[in-house]
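Written below as structure tokens is the structure these notes are about.
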Amino acid sequence: MKYISTRGQAPILDFPGVLLAGLANDGGLYIPQSWPSFSPAEFRAMRGLSYPALAARIMRPFVGDGIPLEPMAAAAYAGFTNPAIVPLVQLETGVFVQELFHGPTLAFKDMAMQMLGRLFDHVLEQRGERVMIVGATSGDTGSAAIEAFAGRLRADMVILHPHNRTSEVQRRQMTTVVAPNIANVAVGGSFDDCQDLVKAMFADAPFRTDLHLSAVNSINWARIAAQVPYYVAAALALGAPDREVAFAVPTGNFGNVLAAFVAKKIGLPIAKLVIGSNRNNILSRFLGRNDMSIAPVEPSLSPSMDIQVSSNFERLLFELLGRDGAATGACIAAFRTTGKMPVPDAAWQAANRLLTGFTLDDAGTLAEIRRVYAASGYIADPHTAIGIAAARAHPAPGVPMIVAGTAHPAKFPDAIEAAIGIRPPLPRHLADLYERSETYTVLPNELAAIQAQVRALALRNR
Ligand SMILES: *Cc1c(COP(=O)(O)O)cnc(C)c1O
């Protein structure tokens, strides 16, 4: 499989190249040159496979030969606490939650990150290289990345988080991991400051080259590829390919929904795709009125969706614009300078044939957590609750609706307590999280100080 940039100006790469590059060097995102496809018979033959075996089969055409996906997937998901890995829970007639949060950090980001850590090790081993991964996190991504890369042999990792601005569970999930290749830095600033520092490190060409900087943020194609299999698993369990299914996905950076779109592209019969937003609803506004205009990010009860610029949307836009890299680049450039994306009418209509938008504010989210609990006894975290509300608001008649359950409720205990008066306990493997000792460095929001810290870790391990 070869990969091209959504802006059409970057070298064509194979999967290992895309894995390590992250962003294309024309500023675009890598996407397969053509979509692989699975026939109904091929999908039927996957029924009854274990989740790791299924994941390896679905990822194979994206990854190419020569990477041992089967043992990698088996190891990636071995630590999950539910034997089904991605179990389906039925809430009511025709509505299911697919729980994607049984990995080490209790959010769906583990699904891809656990594969990514192993893919990096394999590819870097083959090339005889070592990289320094830097990233910024507001919570879930950082902990999933640290869990996946702790103790890996060929990658060091420095994760920046905004000092005193993540939840305590989220911080402790990062800062209690002890490994010689991992460092946590609490930056005196906001999440946006952390992201700007990471961008500045990548923009510093000598620094970038010298330290072999790499990234595992959600624009990395390998993360999307590793998220496609669970859509297939849910659909097969509910009768696909001989029956259509629908999905409702709570959305921030558009990575998870993009994986659903890819599942459809490779042949899965998806009748409907509903995307749920909190009050940061740029995507729902786009679908409703072709208004993709940036607004300030507002904090919400579903912090992993507090995003205004959904980076992965660029890949969908590229498809909607008939894979025209110049047109895609022009749209994004206009968005960056004016704050509003001029999406041509035909592309907007195509987006609406594909996706349905749904918005729920914090009061609505608490009410939905309450309603679900009263109706079924199920405790949904705030992100998943938005997905459930989205599914109920936009049903697909006669078609089972599967909600992406993106986080364990114990990750957001304050919101759950506010809704139903119960503080969900952490699962056993994290029960002593509040007693573990933390290691992190607090640094000012200054590039030189952060770079010195990154360099020190890289030198120590070379
Ligand atoms: C990251 C995250 C999301 C949003 O996923 P995207 O791929 O960014 O759209 C939703 N819920 C939870 C719990 C998350 O951690």
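The sequence shown begins at 42 in our numbering and counts up one residue at a time.
All residues carry an ideal CB built from backbone N, CA and C; glycine is no exception.
TODO: Report yes or no: do three or more beta-carbon pairs, one from the segment 347-367 and one from the segment 44-56, lie closer than 8 Å?
DONE: With a cut-off of 8 Å, the segment 44-56 and the segment 347-367 count as touching, because enough Cβ pairs lie within range.
Open item on the list: Using 8 Å as the threshold, is the C-beta distance between Gly-158 and Ala-114 below it?
Closed with: Not in contact: Gly-158 and Ala-114 (Cβ atoms no closer than 8 Å).
- [ ] May I ask you to verify whether the segment 414-427 touches the segment 327-337, counting CB pairs closer than 8 Å and requiring at least 3?
- [x] Verdict: no, contact absent.
Open item on the list: Using a Cβ-Cβ cutoff of less than 6 Å, which residues in the same chain neighbour Tyr-481 once the five nearest sequence positions on both sides are dropped?
Closed with: The beta carbon of Tyr-481 is closer than 6 Å to those of Thr-216, Asn-225 and Ala-227 in its chain, skipping five residues each way along the sequence.
- [ ] Note down the Cα distance separating Phe-149 from Ile-265, rounded to an integer number of angstroms.
- [x] Near 12 Å, if we compare the C-alpha coordinates of Ile-265 and Phe-149.
Open item on the list: Considering only the alpha carbon of each residue, which of Gly-144, Ala-374, Arg-171 and Ala-263 lies closest to Leu-358?
Closed with: Comparing Cα-Cα distances from Leu-358 to each of Gly-144, Ala-374, Arg-171 and Ala-263, the minimum goes to Ala-374.
Open item on the list: Which residue marks the beginning of the alpha helix (DSSP H) containing Leu-95, and which one marks its end?
Closed with: Note, Leu-95: alpha helix (DSSP H), 92-104.
- [ ] Assess, as a yes-or-no matter, whether the segment 160-179 is touched by the segment 269-282 under the definition of 3 or more beta carbon pairs within less than 8 Å.
- [x] The segment 269-282 is not in contact with the segment 160-179.
- [ ] Starting from Glu-133, trace the alpha helix (DSSP H) both ways and give me its first and last residue.
- [x] Taken as a continuous stretch (DSSP letters only), Glu-133 belongs to no alpha helix (DSSP H), being part of the beta strand (DSSP E) at 129-133.
Open item on the list: List, from N- to C-terminal side, the beta strand (DSSP E) runs of 3 residues or more that fit wholly inside the segment 252-319.
Closed with: Counting whole runs of 3 or more residues, the segment 252-319 contains the beta strand (DSSP E) stretches 286-291 and 311-318.
Open item on the list: For a quick check, are the C-beta atoms of Tyr-118 and Gln-74 less than 8 Å apart?
Closed with: Here Tyr-118 is not near Gln-74, since their CB atoms are 8 Å or more apart.
TODO: List the DSSP bridge partners of Gly-176.
DONE: The secondary-structure analysis by DSSP pairs Gly-176 across a beta bridge with Ile-200.
Task: Per-residue burial, Gln-131 [other beta carbons within 10 Å of its own, 16 or more giving buried] - done: Exposed, because fewer than 16 other Cβ atoms sit within 10 Å of the Cβ of Gln-131.
Task: 4-residue-minimum alpha helix (DSSP H) runs that sit fully inside the segment 311-367, ordered along the chain - done: The segment 311-367 contains these whole alpha helix (DSSP H) runs: 323-330 and 354-361.
Open item on the list: Shorter than 7 Å, the distance from the beta carbon of Asn-258 to the closest heavy atom of ligand 1, or not?
Closed with: In this structure, Asn-258 has its CB at a distance of at least 7 Å from all heavy atoms of ligand 1.
Task: Whether Asp-151 touches Arg-193 by CB criterion (8 Å) - done: Taking 8 Å as the Cβ cut-off, Asp-151 and Arg-193 do not qualify as a contacting pair.
Task: Segment limits, beta strand (DSSP E) that includes Phe-190 - done: From DSSP, Phe-190 is part of no beta strand (DSSP E) but of the alpha helix (DSSP H) over 181-190.
Task: First and last residue of the uninterrupted alpha helix (DSSP H) at Ser-46 - done: Per DSSP, Ser-46 lies in no alpha helix (DSSP H); the unbroken beta strand (DSSP E) holding it starts and ends at 43-46.
Task: Beta-carbon proximity check, Val-286 vs Ile-311, cutoff 8 Å - done: Their beta carbons are under 8 Å apart, which means Val-286 touches Ile-311 by this criterion.
- [ ] Check each candidate in Pro-466, Met-156 and Leu-54 and name the one with the smallest Cα separation from Gly-144.
- [x] Checking every option, the nearest Cα to that of Gly-144 belongs to Met-156.
Open item on the list: The beta strand (DSSP E) that contains Asp-225, what's its start and end?
Closed with: Before going further, note that residue 225 is Asn rather than Asp in the sequence given. Where Asn-225 is concerned, the enclosing beta strand (DSSP E) stretches over 223-229.
- [ ] Tell me the start and end of each unbroken beta strand (DSSP E) in the segment 392-423 that is at least 3 residues and wholly inside, in chain order.
- [x] Here the runs fully enclosed are 397-400.
Task: Residues sharing a beta bridge with Thr-482, DSSP - done: In the DSSP output, where bridge partners are listed per residue, Thr-482 has Val-226.
Open item on the list: Within the continuous alpha helix (DSSP H) that includes Glu-458, where are the two ends?
Closed with: First-last of the alpha helix (DSSP H) with Glu-458: 454-461.
Task: Residue from Ala-431, Ala-432 and Leu-407 with nearest C-alpha to Ile-420 - done: Residue nearest to Ile-420 within the set Ala-431, Ala-432 and Leu-407 is Leu-407 (criterion: CA-CA distance).
- [ ] List the endpoints of the continuous beta strand (DSSP E) containing Phe-137.
- [x] First-last of the beta strand (DSSP E) with Phe-137: 136-140.
TODO: Answer with buried or exposed for Ile-316, where buried requires no fewer than 16 other C-beta atoms within 10 angstroms of its C-beta.
DONE: By the C-beta density criterion, Ile-316 is buried, having at least 16 other C-beta atoms within 10 angstroms.
Task: Within 8 Å, strictly: CB atoms of Ala-220 and Leu-201 - done: The answer is no: Cβ separation not under 8 Å.
Task: Pro-73 (DSSP reduced to helix, strand or coil) - done: DSSP places Pro-73 in strand when its eight states are reduced to three.
Task: the segment 285-302 / the segment 432-442 touching (three or more Cβ pairs under 8 Å) - done: Counting Cβ pairs under 8 Å, three or more are found: they touch.
- [ ] Specify, as a first and last residue, the run of the beta strand (DSSP E) that Ala-445 falls within.
- [x] First-last of the beta strand (DSSP E) with Ala-445: 442-446.
Task: Any non-hydrogen atom of ligand 1 within 7 Å of Asp-347 CB - done: Not under cutoff, so the answer is no.
Task: His-470 burial status per 10 Å Cβ neighbour count (16 or more: buried) - done: So His-470 counts as exposed.
TODO: In angstroms with no decimal places, state the Cα-to-Cα distance between Leu-457 and Ile-410.
DONE: Correcting the residue type first, residue 457 is Ile in the shown sequence and not Leu. Roughly 7 Å separates the two Cα atoms.
Open item on the list: Does the segment 393-401 come into contact with the segment 90-101, if we say contact requires no fewer than three beta-carbon pairs (one atom in each stretch) closer than 8 Å?
Closed with: Fewer than three pairs of CB atoms, one per stretch, sit closer than 8 Å, so the segment 393-401 makes no contact with the segment 90-101.
TODO: Could you check the C-alpha separation between Arg-330 and Ala-304 for me, to the nearest Å?
DONE: So the alpha carbons of these two residues sit roughly 26 Å apart.
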